[in-house]
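For reference, the structure discussed in these notes is given below.
There are 2 protein chains.
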Amino acid sequence: MFESAELGRRVSKEAFEKQEAKLRSALLDAQYDLLKQRKFPVVVLIAGVDGAGKGETVNLLNEWMDPRHIETLAFGLPTDVEREMPPMWRFWMNLPPRGRIGILFGHWYTAPILLRAYGDIGDRELDGHLSEITRFEKMLVDEGTLLLKFWFHLSKKDQKKRLKKLASDKDTAWRVTRTDWKHFKLYDKFRNISERSLRETSQPFAPWTIVEGLDHHYCSLTVGRTLLDALRRRIKAPEPATTSLPVLPAVASPRGKRVIDTVDLTQKVSDKGYEKQLEKLQGRLNLMLRDPDYRRLSAVLVFEGCDAAGKGGTIRRVTQALDARQYRIVPIAAPSDEERAHPYLWRFWRKLGRRGTFTIFDRSWYGRVLVERVEGFCRPEDWQRAYTEINDFEEQLTRNRIVVIKFWLQISKDEQLRRFKEREATEFKRFKITEEDWRNREKWDAYQDAVNDMVERTSTEIAPWHLVSSQDKRYGRLQVLRVVTETLERALKKAARGRE
Amino acid sequence: MFESAELGRRVSKEAFEKQEAKLRSALLDAQYDLLKQRKFPVVVLIAGVDGAGKGETVNLLNEWMDPRHIETLAFGLPTDVEREMPPMWRFWMNLPPRGRIGILFGHWYTAPILLRAYGDIGDRELDGHLSEITRFEKMLVDEGTLLLKFWFHLSKKDQKKRLKKLASDKDTAWRVTRTDWKHFKLYDKFRNISERSLRETSQPFAPWTIVEGLDHHYCSLTVGRTLLDALRRRIKAPEPATTSLPVLPAVASPRGKRVIDTVDLTQKVSDKGYEKQLEKLQGRLNLMLRDPDYRRLSAVLVFEGCDAAGKGGTIRRVTQALDARQYRIVPIAAPSDEERAHPYLWRFWRKLGRRGTFTIFDRSWYGRVLVERVEGFCRPEDWQRAYTEINDFEEQLTRNRIVVIKFWLQISKDEQLRRFKEREATEFKRFKITEEDWRNREKWDAYQDAVNDMVERTSTEIAPWHLVSSQDKRYGRLQVLRVVTETLERALKKAARGRE
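Residue numbers (this note's numbering), protein chains in the order written: chain A, 755 to 1254; chain B, 755 to 1254.
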């Protein structure tokens, strides 16, 4: 794979200067078009062999273009907050918004390649990481990001020469660290692992560009031209036509036999039983969150449900059990303009809590496959790929000891009507009912179909959906508390085992 | 001061339950009005003696109102990023946006009071902290925040009783820590310091409400009613009429003798001298940022100037000297909707870099006293108070070893015209000139007056303004680089002394 990057490509100083001036002004033009359009963000990954001139090229890119609209990010050791979060969190938090260019040194490839080179993981595990990366990159691209990946290569001989040269000059000696020499000794290993990584993650939507790192002029021109070409194509490209994939239900079945219809809405609880059980469950939950082992975990609760199903009241029964300092409720409404300038899941990533916290999402990332699908707020292909993206997201959370508990609160269409009318009649509940609610109600069946598909496609072994009848509100509340306490109990036991 | 909070106030369970229902629904109503209006944020500080029922009251507030729109924040030990930032940074980053309620446990009073109680600082230093707090709170209120401060009090005897009671019950024993007992031994000291702190920081715009902590019912009703009353008044209040303070120039002087007119625009540099000096200065700057002592500092550069004065080109000459991984340029344009929902300076606080970084603001917080003043984008009293707020902000930065370097790039009115015309004539510069630029030019004198006042009021010994002629662009660039290198050199020397 790297053979064609060991051909000794060079560009003379003269040729470079001649081409540089033209490239520079063309890049600047393209950058301003990008900025004016604000239609997509650009992410440039800079990876490869130490000493192959990555820094020089990036500095030159910043010189050629307007550095005010470029963010160059080097990811060093993670901060203490970053260490508590899923590994991808720090990258999510640093994604550039539409119209800007992010140049990333140190990125999602760094950790897996190092782990493999040091022998901490095997090939199979490396492949697991790489497949996760591929899915992440696919999401970025699907969400509109222009993603470019450059791998700077040097032959073993040339790297040795380069490191020695840098080390021998007092002005550059600081750049060659012990780690660089340690890595050089592992050159062949790194080469193999890198080949594997590039091969596995070179996809049509995000191919790698290998850059021969022997000559700075050549490197910079190559990267600059590749970037320019990609920018120009993308800026001129028409809005992608919708691919109109067929909308298939998750489970082929005759209408009316949906999983959502299996929720038994007749379940009830008596007045007396309610108060007693509520107190008992709340007490258990309270104790669990004070368990020292809980500091090694955190919880993310997702509440979705029919309009007027009683999400607010149910959430309140959960938070009553908790200390206000420990939980946080994130109500999901229309995204802010900063949120709109980032990939869809960004606004949920940024609301994740640290270890020991308890975060409740009142509506959530499932908006994409519910309201956005039914109301046509996004293209069919956008919500159709969301199932996979959401599953990947939740897998990252659970792998990081974040307990994900998802609830769908169900009521019947008649009960909804009764509650709507009650709300309209009751002074202090009137703010809870809007024309939009009535409009949504007309699409009851479309919503129920969407819920059904959602459950089928995202009820996973790591984060199953709990379909709860809220026809009797009190029954629903107890059921939710029961699921929360039982799930956390299991998680705490597991955490205790992990500690031992 | 606390005498009237030791009168043994109690509310019977019956009376409480009767009043609770009414208060609860009134609070909920008020909260929804707040949310609908989205005109101001609410910050509730909860402070006072341990064991006085702060937690219970806050939990009840969350129960009474809709917890989805409340953020309850407990500030524990700072994270590693927070430790690198000015102490107020973590509070800035957690201010609620308009329409939401933030309840803060552990806040800007915690550290100064503890430092004083442990004897690490004296009364004078405490007063310094308190005066800083008062200014911060004044800013919050001026920026529209509804700020309520509650101090929970218990007599020495009652605190002892309370702690003992908590400690003796196995369900609550965990709440009484060693620190609580240690603090109890310092009761009299804490009482004196608290009295002093409350006295110094009780201002008409943010008075303290002392709450007798003997009885939970009494506490909760008192806090709930105070909050309700404040919310209601504020929601009903008309938009404050502009107070139309007289706009006085910073220095009384006949027109035309402004400090900005003293900039010598005839200064030039020769072609040959330029290249040589540029390279030399850039080399020096590059070395300085690689100095290990720089990791204990960081720099914030502010670039303001006439339109077409050459800010972009000048900034580029600075960044050419640096590694792209180390600096970040923050271009200031219109605020995002999240930024608009917070106090003015929030959007700048959130862009501060960590230790060892170099942040360049291309336009800055001075927009308030320049464009916003001249164009009438804010009320006169808003930009008039901004001078003090900005000075306070910059003092916090410099105290935290952030080197603040501010540049105003000046050109003559004729030179501006020449550059505007040149831009219009040059294909690739055309994007740089808009109708707005021509409109602003008509207000040349008003802008120059604003610049003059800005310099007079915010050129401080800790963060002086550097007025640089950019009439000859190359002269301006060298001058900027000279100031940056000299200022950083001094800061590095100081840092080296601090290290020894």
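The C-beta atom is built at its ideal place from N, Cα and C for all residues, glycine as well.
Assigned secondary structure, residue i (DSSP; H/G/I helix, E/B strand, else coil)
| i | result |
| --- | --- |
| A:PRO1085 | strand |
| A:ALA1217 | coil |
| A:PHE859 | strand |
| A:GLU897 | coil |
| A:GLN1074 | coil |
| A:ILE875 | coil |
| B:LEU1319 | Missing from the structure shown is residue 1319 of chain B; chain B here goes from 755 to 1254 and no further. |
| A:GLU1058 | strand |
| B:ASP881 | helix |
| B:GLY706 | Any question about residue 706 of chain B goes unanswered here, given that chain B covers just 755 to 1254. |
| A:THR1113 | strand |
| B:VAL797 | strand |
| B:GLN957 | strand |
| B:SER758 | helix |
Pairwise C-alpha distance: residue j and residue i
| i | j | result |
| --- | --- | --- |
| A:LEU985 | A:SER1118 | 33 angstroms |
| B:LEU982 | B:ARG792 | 17 angstroms |
| A:SER766 | B:ALA1075 | 24 angstroms |
| B:HIS907 | B:ILE800 | 11 angstroms |
| A:LEU894 | B:GLY809 | 43 angstroms |
| A:ARG1195 | A:ASP1061 | 8 angstroms |
| A:ARG852 | B:THR1180 | 28 angstroms |
| B:GLN1021 | B:SER1223 | 7 angstroms |
| A:GLN913 | A:ALA828 | 22 angstroms |
| A:THR811 | B:VAL796 | 49 angstroms |
| A:LYS1247 | A:MET1042 | 11 angstroms |
| A:ARG1193 | A:VAL1125 | 12 angstroms |
| A:VAL1056 | A:MET755 | 45 angstroms |
| B:ILE857 | B:PRO821 | 11 angstroms |
| A:ILE1165 | A:GLY1059 | 8 angstroms |
| A:LEU920 | A:ASP934 | 12 angstroms |
| A:VAL930 | A:ASP874 | 25 angstroms |
| A:PHE1131 | B:ASP1091 | 21 angstroms |
| A:TYR1048 | A:ALA1245 | 9 angstroms |
| B:LYS936 | B:ARG870 | 15 angstroms |
| B:ASN1206 | B:ARG1012 | 6 angstroms |
Supposed contact pair residue j and residue i - C-beta distance, whole angstroms, cut 8 angstroms
| i | j | result |
| --- | --- | --- |
| B:PHE1115 | B:VAL1234 | Actually they do not touch by this definition, with Cβ atoms about 14 angstroms apart. |
| A:ASN1145 | A:THR1212 | 6 angstroms |
| A:GLU1148 | A:VAL1158 | 5 angstroms |
| B:LYS1105 | B:THR1113 | 7 angstroms |
| A:SER1052 | A:ARG1101 | Wrong, their Cβ atoms sit about 18 angstroms apart, outside the cutoff. |
| B:GLN1150 | B:MET847 | No, B:GLN1150 and B:MET847 are not in contact; Cβ-Cβ is about 14 angstroms, not under 8 angstroms. |
Where the beta strand (DSSP E) through residue i begins and ends
| i | result |
| --- | --- |
| A:LEU902 | 900–907 |
| A:ILE964 | 962–966 |
| B:THR826 | 824–828 |
| A:GLN1164 | 1156–1164 |
Residue-chain proximity (residue i, chain E), Cβ-Cβ < 8 angstroms
| i | result |
| --- | --- |
| A:ASN848 | Included in the structure are the protein chains A and B, with no chain E among them. |
Span of the alpha helix (DSSP H) around residue i
| i | result |
| --- | --- |
| B:GLU1135 | 1134–1153 |
| B:GLU774 | 767–791 |
| A:THR976 | 970–990 |
| B:TRP818 | 808–818 |
| B:PHE1102 | 1100–1103 |
| A:PHE1174 | 1167–1179 |
| A:ASN1194 | 1189–1196 |
| A:ALA921 | 910–922 |
| A:LEU1246 | 1227–1253 |
| A:VAL1128 | 1125–1129 |
| B:ARG844 | 843–846 |
If you pair each beta-carbon of the region 1024–1043 of chain B with each one of the region 1197–1205 of chain B, do three or more pairs fall below 8 angstroms?
no
Give a yes or no on contact between the region 819–836 of chain A and the region 1087–1107 of chain B, applying the rule of three or more CB pairs nearer than 8 angstroms.
no
contact_flag[the region 862–874 of chain A, the region 882–892 of chain A] where n(CB pairs < 8 angstroms) is 3 or more
yes
Three Cβ pairs or more, each shorter than 8 angstroms: is that satisfied between the region 815–828 of chain A and the region 1066–1080 of chain B?
yes
Three CB pairs or more closer than 8 angstroms across the region 1025–1033 of chain B and the region 1164–1175 of chain B
no
For the region 987–994 of chain B against the region 774–792 of chain B, do three or more pairs of beta-carbon atoms, one drawn from each stretch, fall closer than 8 angstroms, so that the two count as touching?
Touching, yes, given that three or more Cβ pairs across the two stretches are closer than 8 angstroms.
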